[in-house]
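First the structure, in the form of structure tokens, and then the observations on it.
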RNA sequence: GCCUCGGUAGCUCAGUUGGAUAGAGCAACGGUUUUCUAAACCGUGGGUCAGGGGUUCGAAUCCCUUCCGGGGUACCA
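Numbering (this note's numbering), first residue to last: 279 to 894.
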């Protein structure tokens with residue numbers, strides 16, 4: 279091949295996790311920065327730092343691809359922005375081979391980079407197998423997500439959690455981290471006992487087998503039964519003259535549930551058996567939902583094994599003087615100097631509270647894996663809890679505490695407000711999945727896209743499209759924002775959606791097949807502006823990936839993929855039919871471009887947990 | 001009360017390490033198919049970036065303040 283590796287624009291992204299933003303963002307434009315620095319030296323006899331050269335994409339209404347913002351430089355040039363821009367532009371045009379023109383708009387120097395540069399970049403770097411592939415960076419990261427309670431089925435809020443956690447894990451893996459996905463199952467406690475007790479009393483021996491009800495839903499049904507019967511008792515007791523508070527505390531049902539919890543803690547064989555049986559039903563149910571969601575875990579922790587942890591940590595804290603004991607024997611930490619409150623870490627009777635367990639569990643997880651970073655994917659209602667947890671671990675002198683991160687995400691709300699299990703205003707995960715797949719089916723059949731598909735291929739396609747729509751819908755929104763879901767309006771399949779990107783991919787695959795594309799072969803063609811725009815956007819993939827991973831934000835990547843698909847569709851529409859192209863070099867080049875777009879879309883969507891179909 | 005996160009077009013959202021005239025999709029209206037998949041493409045209309053003040057050459061972006069909304073401030077998890 280004729281092409282020579284361009285030595286000056288290796289991807290900084292791949293070489294290090296650089297926090298020098300402009301280097302990462304415009305990695306292939308480093309030569310412009312260094313040339314500009316030389317230009318300033320030549321023109322104004324001043325040595326400046328490269329960080330003063332602020333690059334951005336040229337706005338599409340102007341000619342050029344890269345823009346230097348001149349304002350920061352005028353302090354050095356001591357001339358007007360326009361004059362400085364013109365002088366620097368002239369210098370770059372003369373001294374930098376790739377710069378083929380420039381124009382100045384106010385304080386902005388727009389540089390036209392020669393098409394030959396973009397083509398070389400495309401042929402040598404973007405088509406290279408290492409494009410967008412990060413080398414292992416030796417960092418180990420744990421991502422804890424999902425963490426369900428075993429007393430009811432998953433709802434839409436859990437779906438957001440699962441998709442977020444899985445995607446963040448994928449992003450980190452793709453950017454060179456070793457990732458451990460962990461599910462900490464909340465499998466014990468009073469809420470589980472409520473379901474167990476209700477089933478014992480009113481279950482009539484119902485099982486998933488004899489009712490054909492999915493296990494988690496069956497257990498959830500008895501959780502609701504408990505609540506209903508409990509409320510009845512409260513009402514009766516209030517009629518007998520007790521206050522609401524007294525009734526809630528004294529109702530026979532809640533007492534029984536508490537006794538059952540004590541029996542569980544004492545290891546009562548009957549209770550343990552029931553617990554194991556019903557949890558088993560729930561796990562079978564969850565397995566189905568997880569499979570549909572496409573999420574997986576490397577390690578499960580069970581709270582039934584970890585709920586007693588943390589007492590050692592409390593002892594350690596007392597010895598170190600980080601905690602203190604009140605006269606009643608309860609143990610506290612005073613965080614008022616950090617702007618927080620006093621926080622209880624151990625009850626007077628020596629039993630644990632939530633944070634006690636979490637202290638112990640954090641230590642255990644670190645002892646097990648020795649990870650550099652540990653991400654907790656948990657809703658934003660626990661922001662305060664994690665702030666306190668991390669601060670305590672820091673005060674205890676845990677070296678690993680600085681690697682702890684709470685990936686906080688907003689609730690999924692309905693138009694009517696918050697989802698509430700007890701009021702039946704939850705969007706059930708399994709129902710929603712089924713509905714999405716059904717919608718995909720109807721939409722696809724309406725368009726007549728699958729008339730010649732085999733039955734099993736149809737089912738797979740509807741699953742891919744339905745889940746693609748759902749996953750993209752949830753992941754395209756910045757995690758920390760709360761998200762509105764209106765059950766009356768079905769999730770779209772057009773515009774900024776998963777199916778739009780899937781469609782774009784399938785369309786490219788069809789084109790490649792029909793035109794007999796046989797793999798990347800660098801081709802030296804003359805490129806059109808539409809193609810240059812595509813190269814410009816494709817080139818950003820590694821940096822987008824890196825940013826999304828660092829920000830723990832699949833939304834960043836989702837929006838990039840949408841932009842790419844949109845630009846491709848425009849390109850596809852405007853360019854003459856590639857199949858009929860008679861110039862074989864040009865055809866090869868355009869097929870390269872299409873194939874790389876498909877490749878990036880597929881790889882990117884995979885990191886969102888979304889599959890792309892070959893046909894749709 | 002205090003802490004915290006939000007507020008961008010009718011709706012759902014991008015854009016926030018300060019850069020040019022704030023962008024998409026949906027919805028509305030109009031157009032594009034003898035050419036590689038019309039789940040597409042092109043166009044029209046739509047904005048006090050919650051309000052006010054400040055910092056600066058430049059603010060949706062940073063600071064202060066007010067308003068609105070979510071969450072937290074449990075010996076629940």
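For each residue, glycine too, the CB sits at the ideal point set by N, CA and C.
Just so you know, these numbers come straight off a predicted model, no measurement behind them.
Minimum C-alpha distance to residue i - residue among the options
i           : options               : result
residue 861 : 815, 802, 880 and 892 : 802
residue 603 : 625, 588 and 616      : 625
residue 765 : 704, 541, 787 and 622 : 704
residue 876 : 771, 863, 887 and 847 : 847
residue 431 : 792, 837, 648 and 564 : 564
residue 308 : 709, 736, 508 and 333 : 333
residue 721 : 734, 710, 739 and 708 : 739
residue 628 : 796, 639, 616 and 606 : 606
residue 789 : 667, 690 and 856      : 856
residue 761 : 795, 697 and 799      : 697
Straight-line Cα distance separating residue j from residue i
i           : j           : result
residue 504 : residue 714 : 31 Å
residue 827 : residue 452 : 9 Å
residue 449 : residue 455 : 9 Å
residue 348 : residue 385 : 5 Å
residue 682 : residue 675 : 13 Å
residue 641 : residue 882 : 34 Å
residue 810 : residue 397 : 8 Å
residue 730 : residue 572 : 27 Å
residue 559 : residue 493 : 4 Å
residue 425 : residue 464 : 7 Å
residue 783 : residue 746 : 13 Å
residue 404 : residue 306 : 11 Å
residue 656 : residue 687 : 7 Å
DSSP state of residue i mapped onto helix, strand, coil
i           : result
residue 730 : coil
residue 740 : helix
residue 424 : coil
residue 603 : strand
residue 234 : Lying before the first or after the last residue shown, residue 234 is absent from the chain, which here runs from 279 to 894.
residue 672 : helix
residue 878 : helix
residue 620 : strand
residue 468 : helix
residue 590 : helix
residue 695 : strand
residue 566 : helix
residue 462 : strand
residue 429 : coil
residue 302 : Because the pLDDT of residue 302 is 42, which lies under 50, any placement of that residue in the model is unreliable, and the number read from its coordinates should be weighed accordingly. Three-state result, residue 302: helix.
residue 755 : coil
residue 819 : helix
residue 664 : helix
residue 339 : coil
residue 418 : strand
residue 324 : coil
residue 387 : strand
residue 351 : helix
Cβ neighbour criterion (16 or more within 10 Å) applied to residue i
i           : result
residue 867 : buried
residue 557 : buried
residue 457 : buried
residue 830 : buried
residue 635 : buried
residue 438 : buried
residue 476 : buried
residue 863 : exposed
residue 286 : Reliability of the predicted coordinates at residue 286 is poor, the pLDDT of 32 falling under 50, and the value obtained from them is presented with this limitation in mind. Answer is exposed; the Cβ neighbour count stays below 16.
residue 482 : exposed
residue 429 : buried
residue 889 : buried
Extent of the continuous beta strand (DSSP E) to which residue i belongs
i           : result
residue 686 : 682-687
residue 345 : 344-347
residue 380 : 377-383
residue 335 : 332-335
residue 483 : Looking at the DSSP string, residue 483 is not in any beta strand (DSSP E), and its letter there is neither H nor E.
residue 848 : Where residue 848 is concerned, there is no enclosing beta strand (DSSP E), although the alpha helix (DSSP H) it sits in stretches over 832-852.
Segment limits, alpha helix (DSSP H) that includes residue i
i           : result
residue 451 : 434-452
residue 860 : Premise fails: residue 860 is in no alpha helix (DSSP H) and is neither H nor E.
residue 507 : 493-517
residue 577 : Taken as a continuous stretch (DSSP letters only), residue 577 belongs to no alpha helix (DSSP H), being part of the beta strand (DSSP E) at 577-580.
The ligand SAM heavy atom lying under 7 Å from the CB of residue i
i           : result
residue 457 : Questions concerning the ligand SAM fall outside what the structure shown contains, since it holds no ligand whatsoever.
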